[in-house]
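*Asks:* So that we are looking at the same thing, I have put the structure below in structure tokens.
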Amino acid sequence: MSVKSKNRVVWPLLLLAVLSLLVLAHQRSLSHVEENVSYGVAQGEPLLLDVIRLPAAGLRPAIIFVHGGGWRGGDKSDFRTLAEGFAQRGYVCFVVNYRLVNATDHHFPAQLDDVQHAVRWIRANAARYGVDPNHIGAMGASAGGHLVALLGTVETRDHQPSELALYSSRVQCVVDMYGPTDLTALPTTPADVPKLVHNLMGGTPEQEIQLYRSASPIFNIDRETVPFLIFHGALDPLVPFVAELQKNGVPATYVEFPDERHGIEKRANLEKFVTMSSQFFDSHLKR
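Residue numbering for the sequence shown follows my numbering, starting at 1228 and increasing by one per position.
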């Protein structure tokens, strides 16, 4: 993948650092951090997350953060500092890793199964971390935006392990940063985009059309879909799905930055993103 194309697909770490500084501008207290907590096991390997929260009594809303990276790269550390900022705002934050696709293994729905498992694990351990299990939001960028959009549109696909069978994986609201929502109709440019998706799905749309549709949030929208806040650049070739949400009566706020592509680079846009995301989570999770 070329550097130019890669930057269009993967959340730029430098820009995330700038964004994180904006969130942390009013930091007052030190967060309590638990690193590399196992929320399950997949194919013999532990699934890990970090928990970031302020010491406090009572139940608080939670946010799960899902990193981008074309489904084959990235790490929970990409969202670490941003999550610390939201912890300062009174949220219990969970920053998750999930299985990354490679040439021969971990094709979809492995990634969805993992992030759904994480939400169910959070609910099962709500008392341990002081979480209100009925007030969980999700935020993701690019590939992570795709996965959190699925958290807001579909119910649990894999009900294993049995000890989590009674817990829902559906979150209460979603902040989606330029996540692809229709994998059956992605643009052919940049050239790496189809390759990334074909690798994720283990075949082309012609070969795996039903799997592609199940992996596309736009085909899973119904009256049970949760509220969305969606950020896209007007120059981004990945197509938003806000119209389909609104057609189904789903509360959806769409923010389009006319001077952005697949990412948020301008400081003014970053500031707007932080403000609107904070207000959105507060309005849906702190009521």
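Glycine is no exception: its CB is placed at the ideal position from the N, C-alpha and C atoms.
Would you identify the three-state DSSP class for H1511, choosing helix, strand or coil?
*Replies:* helix
*Asks:* If the criterion is Cβ atoms closer than 7 Å, does the pair H1373 and P1407 meet it?
*Replies:* Closer than 7 Å, so yes.
*Asks:* So, at 6 Å on beta carbons, what are the nonlocal neighbours of A1392 in its own chain, with the 5 sequence-adjacent residues on each side left out?
*Replies:* H1386
*Asks:* Quick one, which of E1390, G1296, Y1356 and D1449 has its alpha-carbon nearest A1370's?
*Replies:* G1296
*Asks:* Going along the chain, which residues of its own chain have a beta-carbon closer than 6 Å to the beta-carbon of P1478, five neighbours each way excluded?
*Replies:* Only residues of its own chain outside the window of five on either side were considered, and among them P1454 have a CB closer than 6 Å to the CB of P1478, listed in chain order.
*Asks:* Assuming V1346 contacts S1396 (C-beta within less than 8 Å), just tell me the rounded distance between them.
*Replies:* The distance from the Cβ of V1346 to that of S1396 is about 4 Å, consistent with a contact at the 8 Å cut-off.
*Asks:* Rank Q1399, L1286, F1313 and N1352 by C-alpha distance to the C-alpha of L1512 and give the top, closest one.
*Replies:* Q1399
*Asks:* When the Cα atoms are used, what is the spatial distance from A1365 to E1433?
*Replies:* 31 Å
*Asks:* Buried or exposed, going by whether 16 or more other CB atoms sit within 10 Å of the CB of P1288?
*Replies:* buried
*Asks:* For F1484, which three-state DSSP category applies?
*Replies:* strand
*Asks:* Tell me the start and end of each unbroken alpha helix (DSSP H) in the stretch 1267-1337 that is at least 4 residues and wholly inside, in chain order.
*Replies:* 1307-1315
*Asks:* Is the separation between the beta-carbon of A1353 and that of P1360 shorter than 7 Å?
*Replies:* yes
*Asks:* So, are the CB atoms of N1447 and T1380 less than 7 Å apart?
*Replies:* yes
*Asks:* So E1483 and I1445 are in contact, right, with Cβ under 8 Å, and what is the actual spacing, rounded?
*Replies:* That belief does not hold up - the Cβ atoms of E1483 and I1445 are roughly 17 Å apart, past 8 Å.
*Asks:* Let me know the secondary structure DSSP gives L1456 once reduced to three states.
*Replies:* strand
*Asks:* Pull up the distance between the alpha-carbon of T1480 and that of L1456, whole angstroms please.
*Replies:* 5 Å
*Asks:* On a CA-only basis, which of L1410, E1451, V1278 and L1327 is nearest F1306? Give me that one, please.
*Replies:* V1278
*Asks:* If you measure between the beta carbons of Y1394 and A1337, is that distance less than 7 Å?
*Replies:* no
*Asks:* First and last residue of the beta strand (DSSP E) that includes G1364?
*Replies:* V1358 to A1368
*Asks:* Which residues in the same chain have their Cβ closer than 7 Å to the Cβ of L1286, if we skip the five residues on either side of it in sequence?
*Replies:* G1357, V1358 and D1359.
*Asks:* Please classify T1502 as buried or exposed, where buried requires at least 16 neighbouring CB atoms within 10 angstroms.
*Replies:* Its Cβ having fewer than 16 others within 10 Å, T1502 is exposed.
*Asks:* Compare the C-alpha of E1390 against each of L1427, Q1437, H1344 and Y1318 and name the closest.
*Replies:* H1344
*Asks:* Taking buried to mean at least 16 other C-beta atoms within 10 Å of its own C-beta, is P1239 buried or exposed?
*Replies:* Any answer about P1239 is weak, because its pLDDT of 49 lies below 50 and its placement is not dependable; what the coordinates show is given next. Buried.
*Asks:* Closest to T1331 by C-alpha separation, out of F1500, S1510, Q1506 and G1430, would be which residue?
*Replies:* G1430
*Asks:* Comparing C-alpha positions only, which one of Y1318, L1339, R1494 and D1403 sits nearest to F1468?
*Replies:* D1403
*Asks:* Contact defined as beta carbons within less than 8 Å: I believe V1268 pairs with L1274. What is the distance between those atoms, to the nearest angstrom?
*Replies:* 7 Å
*Asks:* My output table needs one value for V1237: the three-state DSSP class, helix, strand or coil.
*Replies:* Residue confidence is low: V1237 scores 41 on pLDDT, short of 50, so the model does not pin down where it sits. Its coordinate-derived value is still stated next. DSSP places V1237 in coil when its eight states are reduced to three.
*Asks:* Near R1450, which residues of its chain fall below 8 Å by C-beta distance, leaving aside the five closest residues on each side in sequence?
*Replies:* N1475, G1476 and V1477
*Asks:* Quick check: the Cα distance between V1420 and R1514, rounded to an integer number of angstroms?
*Replies:* 39 Å
*Asks:* Tell me the DSSP secondary structure of V1264 in three-state form.
*Replies:* strand
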